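Quick notes on the structure that follows.
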Amino acid sequence: MSTVDDELLLEVDDLHVEFRTSDGVANVLNGVGYSVHAGETLAVLGESGSGKSVTAQTIMGILDTPPGVVTGGAIRYRGEDLLTASPVRRRELRGSEIAMIFQDALSALNPVFTVGFQIEEQLRVRQGLSRKDARARAIELLELVRIPAAARRVKDYPHQFSGGMRQRAMIAMSLALDPDLLIADEPTTALDVTVQAQIMDLLAEIQRERRMGLILITHDLGVVAEVADRIAVMYAGRIVEQADVRELFSSPGHPYTAALMDSLPRLDLKGQTLETIKGLPPSLLDIPPGCPFHPRCKRAEQSCREERPSLHRLGFGRVSACHFAEEVVESRG
Amino acid sequence: MVEPILSVRELVKHFPVRQGVLFKRTIGQVKAVDGVSFDLMPGETLGVVGESGCGKSTLAQVLMRLEEPTSGAATFEDRDLFKLRGAELRRMRREIQIVLQDPYTSLNPRMTVGDIVGEPFEIHSDVAPKGSRVTKVQELLEVVGLNPEHANRYPHQFSGGQRQRIGIARALALRPKVIICDEPVSALDVSIQAQVMNLLGELQGEFGLSYVFIAHDLGVVRHLSNRVAVMYLGKIVEIGTEDEIYERPSHPYTQALLSAVPVADPAVRGQRQVIRLEGDVPSPLDPPSGCRFRTRCWKAADICATETPALEPRTDGHLSACHFAEVRSVVP
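Line by line, the protein sequences give chains A and B. Under full-length UniProt numbering, read the first sequence as residues 1 to 333, first letter to last. Under full-length UniProt numbering, read the second sequence as residues 1 to 332, first letter to last.
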């Protein structure tokens, strides 16, 4: 495990976001809170629609407004509230303090400009480098992410790169202004496993060298187990559990986390019926009362239908939003 | 001895690459599938794994006769799949069906679910006479775990997992013997993925189906398959029982692929030996001579460039296409 610095980089506090659509108001985030320290990897785990990407977009200030509206909460970067900061200040922070890489590198890169130009643009605008200096720096960055023949490839267009190379180019771009916090939104989901291994290695190495904070958004339990220090599990716009990676895998403290792990195909259960989570995630237009997971939960009792469980402490640095969290942990222990 | 239900021999599919506006010249061939042979036994699941561009989906398209093969043969119950024409071909199509990856684009948004699942009966009207179609469709929806009363709804009213069930119901409509599943669960969330995998398992037992199960997720393939074929750049590099491939892989590519899969257990972090492959998969337009994996292989020697290794029994007896095949356990 990497050593976790004490310096607190980012604090998301009780964040609420709703999407106002023609079908009604979708409550996309309903009080999300997590924090990231320097040198730490926080994995945000959740299924489609759980709000993990919207949280990231809100932190970056790239949430589509409308339909998205932040209705409450705070995001503090080194103590400074981003939600009340001026657009100019937010722009200053974006890229140089907090950077982001996206899942689909092909659509995140502009097809009509060369890869080099897209890296150089921010260096020239933000750091005032000359064309020549920016080009030299872009080549350095491409070498850092191990693009072969970087001096030549810097003049290529995104479509001339393979999927893995495009993702590397995007990592190079995100590192150009030397950010302290990197948000990676499903960085390897579109890639093959052998390429995924290369990219995750690269990210881990760069993070270690620069002591960056990393928020890794993913739905892949395998990737999480390999690189995360801490995990926040999201469901229907809420954090349902947050814990150290080892604790979470050995004894999950929320029935949803436990069910997710049970639904993975496992060696010792080959050919047998997999455990499933019955039903579907709730519609964000109409989140069930009480615990939002109760219609799909095996343990659900009357109290789960009526009373919304709050996140409560469950040992050191560990929280769960389940009325029966202690029992869930024990049943696995 | 049980006869294979589907037998594929030296299957080749090349796509010509053309250039020019008026006079198109063929400037090369994309060698998508380049000499693939395998047998599928009745009631068996053959997993096909490989990374993007290895030709696994083209293989599915050719077996469905959606693409014509460049050369090679396939026998389905003593009939030559690629020689069938007209009425004979249409009859054969009942026997082999396909479930596609993307449940969002593989269903016509303007058709109701009932029409989608019942459409095969339009073409094969002798399977279900007009009067019985509605009941047949309702039965099929029930079999895949959907509410039969929802036959009048449209695809957009269903979630991803439910749509995949609709696709499965459509594939089952003509009571096929073989279903080719082309990445059937890749687009689904983990919790939904398990539901669809269970359904595929149940249906296999109920209807005695044989599956060709194409996927890139090695865990999913292992869970459902009896035998597994590993593809790289249009060729099968190793094929064997699930145990032989996962426990005793002998081809370096299989070993690298297996070792790269992240293990969902932080306790083994750092203990696994991951074989890192350098670079990317070469272009199928101009694959390397000899062994196609040699450009990324740590064992490559002179012979690998000059002589294509045959897919033949090596090490413990399962088929592997490597001159230096050697069993190595990579999965903890």
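Every residue gets a Cβ at the ideal spot worked out from N, C-alpha and C, and that includes glycine. Computed from a predicted model, the values in this text were never measured in an experiment.
query: B:Q97 (DSSP reduced to helix, strand or coil); result: strand
query: DSSP state of A:L45 mapped onto helix, strand, coil; result: strand
query: Opening and closing residue of the beta strand (DSSP E) in which A:M234 lies; result: 230-235
query: Pick from A:M234, A:A26, A:R211 that is closest to A:T218, judged by C-alpha positions; result: A:M234
query: Sheet register partners of A:Q272 (DSSP bridge); result: Answer is none; A:Q272 lacks a bridge partner.
query: Beta-carbon contacts of B:R18 that lie in its chain and below 8 Å, excluding the five residues immediately before and after; result: K24, R25, T26, I27
query: Neighbour flag for B:P249 against chain A, beta carbons, 9 Å; result: no
query: Given 8 Å, three or more beta-carbon pairs between the stretch 279-295 of chain B and the stretch 208-226 of chain B; result: no
query: Buried or exposed (CB count within 10 angstroms, at least 16 for buried), B:H156; result: exposed
query: Whole-number beta carbon distance between A:C297 and A:P252, since they are thought to touch under 8 Å; result: In fact, because the Cβ distance is near 13 Å, the residues do not count as touching under 8 Å.
query: Three-state class that DSSP yields for A:V4 in the structure shown; result: Note that A:V4 scores a pLDDT of 48, beneath 50, so its modelled location is shaky and nothing firm can be said.
query: Touch test, the stretch 225-240 of chain A against the stretch 314-327 of chain A, Cβ-Cβ under 8 Å, three pairs minimum; result: yes
query: Top-ranked residue by Cα proximity to residue 384 of chain A, from A:P187, A:I147, A:R20; result: With chain A represented from 1 up to 333, any question about residue 384 of chain A goes unanswered, as that position is not in the structure.
query: Proximal residues of chain A, C-beta to C-beta of B:V261 below 8 Å; result: V193, G222
query: Residues near B:V30 by beta carbon distance below 7 Å, same chain, minus five either side; result: H14, F15, V17, P284, L285
query: DSSP three-state assignment for B:Q29, whether helix, strand or coil; result: strand
query: Closest Cα partner of B:G50 within the set B:D78, B:V62, B:A32; result: B:A32
query: Cβ of residue 341 of chain B within 9 Å of any chain A Cβ; result: Missing from the structure shown is residue 341 of chain B; chain B here goes from 1 to 332 and no further.
query: Residues near A:R126 in its chain [Cβ-Cβ closer than 8 Å; skip 5 each side]; result: G95, S96, L177
query: Within 9 Å, strictly: CB atoms of B:T112 and B:N152; result: yes
query: Three-state secondary structure (DSSP) of A:H294; result: helix
query: N-terminal and C-terminal residue of the beta strand (DSSP E) that B:E10 is part of; result: 6-19
query: is_contact[B:M197, chain A] using C-beta, thresh 9 Å; result: yes
query: Nearest-angstrom Cα separation, counted from B:I5 out to A:V227; result: 44 Å
query: Residue-chain proximity (B:D286, chain A), Cβ-Cβ < 9 Å; result: no
query: Nearest-angstrom Cα separation, counted from A:M60 out to A:V4; result: Caution is warranted here: a pLDDT of 48 is assigned to A:V4, below 50, making its placement in the model unreliable, and the coordinate value is therefore given only provisionally. Taking the straight line joining both Cα atoms gives about 23 Å.
query: Limits of the unbroken beta strand (DSSP E) element including B:P214; result: With the sequence shown as reference, residue 214 of chain B is identified as Ile, and Pro is not the correct amino acid for it. Element bounds for B:I214: 210-214.
query: Residue-chain proximity (B:H156, chain A), Cβ-Cβ < 9 Å; result: no
query: Alpha helix (DSSP H) segments (min. 4 residues) lying fully within the stretch 163-227 of chain B; result: 190-207, 218-224
query: Rounded Cβ spacing between A:E40 and A:G213 (contact assumed at less than 8 Å); result: 6 Å
query: Among A:A204, A:L274, A:T188, A:V112, nearest to B:V220 - alpha-carbon criterion; result: A:L274
query: As assigned by DSSP and simplified to three states, the class of A:E80; result: strand
query: Neighbour list for B:A267 in chain A, Cβ cutoff strictly below 8 Å; result: R246, F249, S250
query: Cα-Cα separation, B:R314 to B:F38; result: 17 Å
query: Those residues which DSSP pairs with residue 352 of chain A across a bridge; result: Residue numbering for chain A in the displayed model covers 1 to 333; residue 352 of chain A lies beyond these limits and cannot be assessed.
query: CB contact below 9 Å: A:K132 versus chain B; result: no
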